[in-house]
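Student: Chains as they are written, first to last, in our numbering: chain R, 100 to 340; chain P, 614 to 977.
#1: Counting only beta-carbon separations shorter than 7 Å, does residue 193 of chain R have a partner in chain P?
#2: In chain P, what lies closer than 7 Å to residue 148 of chain R by C-beta?
#3: Assuming residue 638 of chain P contacts residue 788 of chain P (C-beta within less than 8 Å), just tell me the rounded distance between them.
#4: Could you tell me the distance, in whole angstroms, from the CA atom of residue 294 of chain R to the CA atom of residue 222 of chain R?
#5: Taking 7 Å as the CB-CB cut-off, is residue 623 of chain P touching chain R?
#6: How should residue 701 of chain P be labelled, buried or exposed, when 16 other C-beta atoms within 10 angstroms of its C-beta is the threshold for buried?
#7: Quick one: using the 10 Å Cβ neighbour count with 16 as the cut-off for buried, is residue 615 of chain P buried or exposed?
#8: So within the region 852-936 of chain P, which uninterrupted alpha helix (DSSP H) runs reach at least 4 residues, ignoring any that extend past its ends?
#9: Going along chain P, which residues have a C-beta under 9 Å from residue 145 of chain R?
#10: Ends of the beta strand (DSSP E) at residue 139 of chain R?
#11: To the nearest angstrom, report how far apart residue 924 of chain P and residue 332 of chain R are at their CA atoms.
#12: Report the option in P:809, P:974, P:656 whose CA atom is closest to the CA atom of residue 845 of chain P.
#13: Taking only beta carbons into account, state which residues of the region 867-888 of chain P come closer than 7 Å to chain R, listed in chain order.
#14: According to the neighbour-count rule (16 or more other Cβ atoms, all chains shown, within 10 Å of its Cβ), is residue 754 of chain P buried or exposed?
#15: Examine the Cβ distances between the region 311-321 of chain R and the region 625-637 of chain P and report whether three or more of them are shorter than 8 Å.
#16: Roughly how many angstroms lie between the CA atoms of residue 121 of chain R and residue 651 of chain P, to the nearest whole one?
#17: Are there 16 or more other CB atoms within 10 angstroms of the CB of residue 138 of chain R, so buried, or fewer, so exposed?
#18: Unbroken alpha helix (DSSP H) runs of length 4 or more, entirely within the region 231-290 of chain R: which are they?
#19: At a Cβ cut of 9 Å, what residues of the region 211-243 of chain R count as close to chain P, listed as they run along the chain?
#20: On the DSSP letters alone, give me the boundaries of the alpha helix (DSSP H) that residue 117 of chain R sits inside.
#21: Considering just the uninterrupted stretch of the beta strand (DSSP E) at residue 179 of chain R, what are its terminal residues?
#22: Along chain P, in chain order, which residues have C-beta atoms closer than 8 Å to that of residue 189 of chain R?
#23: Just the Cα atoms here: how many angstroms apart are residue 974 of chain P and residue 313 of chain R?
#24: Taking any Cβ of chain R, which residues in the region 642-674 of chain P have a Cβ under 8 Å from it, in chain order?
#25: For the beta strand (DSSP E) containing residue 159 of chain R, name the first residue and the last one.
#26: Straight-line CA distance for residue 632 of chain P to residue 105 of chain R?
#27: Pick helix, strand or coil for residue 641 of chain P, following the three-state DSSP scheme.
#28: From residue 698 of chain P to residue 875 of chain P, what distance separates their C-alpha atoms?
#29: Residues of chain P with CB under 7 Å from residue 279 of chain R, in chain order?
#30: Measuring CB to CB, does residue 179 of chain R end up less than 7 Å from residue 160 of chain R?
#31: Can you say whether residue 918 of chain P is buried or exposed, counting buried as having 16 or more other CB atoms within 10 angstroms of its CB?
#32: If we count the other Cβ atoms within 10 Å of its Cβ and call it buried at 16 or more, is residue 976 of chain P buried or exposed?
#33: Check whether chain P comes within 7 Å of residue 48 of chain R, counting only Cβ atoms and requiring the distance to be less than that.
#34: Whole angstroms are fine: how far does the CA of residue 795 of chain P sit from the CA of residue 897 of chain P?
#35: Between the region 677-687 of chain P and the region 738-757 of chain P, do at least 3 Cβ pairs fall closer than 8 Å?
#36: Let's test the definition: count the other Cβ atoms within 10 Å of the Cβ of residue 251 of chain R and tell me whether it reaches 16, buried, or not, exposed.
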């Protein structure tokens, strides 16, 4: 594995050098933008605080970050896996088309806005902590899971306008508390034990392994599912806020 | 040259701030290092800093920083200052000539105290008297721009990248308990010396990343109260609104945040009765001061600092804490550049102010 130290290199030089190897580890990241952008293969290991636009257009590679990440991570990502051992800034997974993004901590505003899914491209975002406002706004497909492991299942885990304007895809929330202002074009249903086993176990099994969590403990909480209510979403042309 | 509307520049300014709650002095070099990390959020058309506690030897005098276009403007302005203030000390602000900063105006600094008989005649308090004089200079003296006029604080700004601006003004020669910084990427208005951030009136200064959609409504409202917006950029109006609300209306900074980043009516409806009444009152009473559009701002004032996002949080803002120091920044990396090990780091929600003040008993 190629080892690079971000402190020792200019940003463009760093990215050029990182592109010469399939497997690369970069330490001391500090604000360098667009790392791992559109990477197709191999493994990228980052420590420190990488800059905005990390893993945008990611196309198959795996990126692990030991630390927090900033804004616009996994923007329009196509496939691959991103794991963040920390928290994420705003606009995480914007318009993501496929692949998986796992965050151990919190996500900022506008996570998962307009994520999509098509055939084998099923985008998945799992957030271990809480999420800011506009989570999954205009969701067009794929899955978002918010676990609130730092909160407990009797607290709200999202901000305002969760799922506003979404018309496909699913948001799972590990809480008995409905997000505030949840649009009436969306359905909120608390899941049975059987539904949890069937729907969540396949989605969560890699996540719990990567962050060394107990699947049983995670599943022990109350989960609810948010989906677009197909009888209502097309009733008016523009979303009323 | 292309006019506004014919060209689209992607926006992306940078702000950062450092505040020592224990009042200890932080060198200007530290804030310069922090903002320098976000160089690619600016485009070289404006950078600036505000430092608090930097003039302890003159802390009872207003420190007035002025740009002059010409010697004539300086002479006219000094005549005006002379007839309204006791000038304790005057000098050029020491600068270092560097290649990347060009076309500098004349940059002068005056430590002044209002003439006692003038204040008595005017029946104003010292702050109001001074503020009115400074607004008058900006409004009426051609080619003179007061860009800083508080006590024991000062603004340093120029056209250039912020780290170059710091070298130009020899920021390493100043130390204070609080600093804010700005890297500019002007989108709708010209990049010129007076339009660089921070914007200050008395000891209140503002750095801003974003653009104010409600600018003209805000400008018209605040100009009714004797302010005058003539620095050709939107941020200026935030400074005057906050000065008006705090100094004249006596609002707390939390209340100011509830005015300029007022919650949506749908959000207010969820609050308990008393809180909903309070928020509705502020929204209705000061509706012309609601600032719409994306912003993250840092507000510096004597003894404290406030960070605030617009209610939709359309710009990034991160807060970090280490011991008795609080850091603010558009990007976490810029905080880590000067303090790698933080006790706590978080992103405040839209419209939720983060206010830090000096610990009890600390004098600066």
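Ideal placement from N, C-alpha and C gives every residue a C-beta, glycine not left out.
Tutor: With the given structure in hand:
#1: No - not a single Cβ of chain P is within 7 Å of the one on residue 193 of chain R.
#2: The contacting residues are 945, 946, 949.
#3: Contact between residue 638 of chain P and residue 788 of chain P holds: their C-beta atoms lie close to 4 Å from each other, under 8 Å.
#4: When rounded, the separation of the alpha-carbon atoms in residue 294 of chain R and residue 222 of chain R is 20 Å.
#5: Residue placement at residue 623 of chain P cannot be trusted, given a pLDDT of 47 that sits under 50; the coordinates are not used to answer.
#6: It is exposed - the Cβ of residue 701 of chain P has fewer than 16 other Cβ atoms within 10 Å.
#7: Residue confidence is low: residue 615 of chain P scores 48 on pLDDT, short of 50, so the model does not pin down where it sits. Its coordinate-derived value is still stated next. Within a 10 Å sphere around the beta-carbon of residue 615 of chain P sit fewer than 16 other beta-carbons, which makes this residue exposed.
#8: Fully enclosed alpha helix (DSSP H) runs of 4 or longer: 866-873, 878-881, 886-898.
#9: Taking a Cβ-Cβ threshold of 9 Å, none of the residues of chain P is close to residue 145 of chain R; the smallest such distance is about 12 Å.
#10: First-last for residue 139 of chain R: undefined, no H or E at that position.
#11: Computed Cα separation, rounded: 26 Å.
#12: For residue 845 of chain P, the closest alpha carbon among the candidates P:809, P:974, P:656 is that of P:809.
#13: Result list: 879, 880, 883.
#14: Residue 754 of chain P comes out buried.
#15: No, the region 311-321 of chain R is not in contact with the region 625-637 of chain P.
#16: Whole-angstrom Cα-Cα distance: 29 Å.
#17: Buried, because 16 or more other Cβ atoms sit within 10 Å of the Cβ of residue 138 of chain R.
#18: Qualifying alpha helix (DSSP H) stretches: none in this window.
#19: When C-beta distances to chain P are compared with 9 Å, the residues of the region 211-243 of chain R below that value are 231, 232, 233, in chain order.
#20: Run containing residue 117 of chain R: 110-117, per the alpha helix (DSSP H) assignment.
#21: For residue 179 of chain R, the enclosing beta strand (DSSP E) starts and ends at 178-183.
#22: Residue 189 of chain R reaches chain P at 926, 929, 960, counting residues in chain order whose Cβ is nearer than 8 Å.
#23: Cα to Cα, the separation comes out at about 49 Å.
#24: For the region 642-674 of chain P, which is checked against every Cβ of chain R, the residues closer than 8 Å are 650, 651, 653.
#25: In this chain, the beta strand (DSSP E) harbouring residue 159 of chain R covers 158-165.
#26: Using only the alpha carbons, I get a separation of about 28 Å.
#27: Residue state for residue 641 of chain P is assigned as helix, using DSSP reduced to three classes.
#28: Approximately 39 Å between the Cα atoms of the pair.
#29: In chain order, 883 make up the part of chain P whose C-beta sits under 7 Å from the C-beta of residue 279 of chain R.
#30: Result yes, Cβ atoms of residue 179 of chain R and residue 160 of chain R sit closer than 7 Å.
#31: A residue is called buried once 16 or more other Cβ atoms fall within 10 Å of its Cβ, and residue 918 of chain P is buried on that count.
#32: Exposed, since its Cβ has fewer than 16 Cβ neighbours within 10 Å.
#33: Not covered by the structure: residue 48 of chain R. The range shown for chain R is 100 to 340.
#34: A direct Cα-Cα distance of roughly 32 Å separates residue 897 of chain P from residue 795 of chain P.
#35: Flag = yes, the region 677-687 of chain P and the region 738-757 of chain P touch.
#36: Counting Cβ neighbours within 10 Å, residue 251 of chain R comes out exposed, since fewer than 16 surround it.
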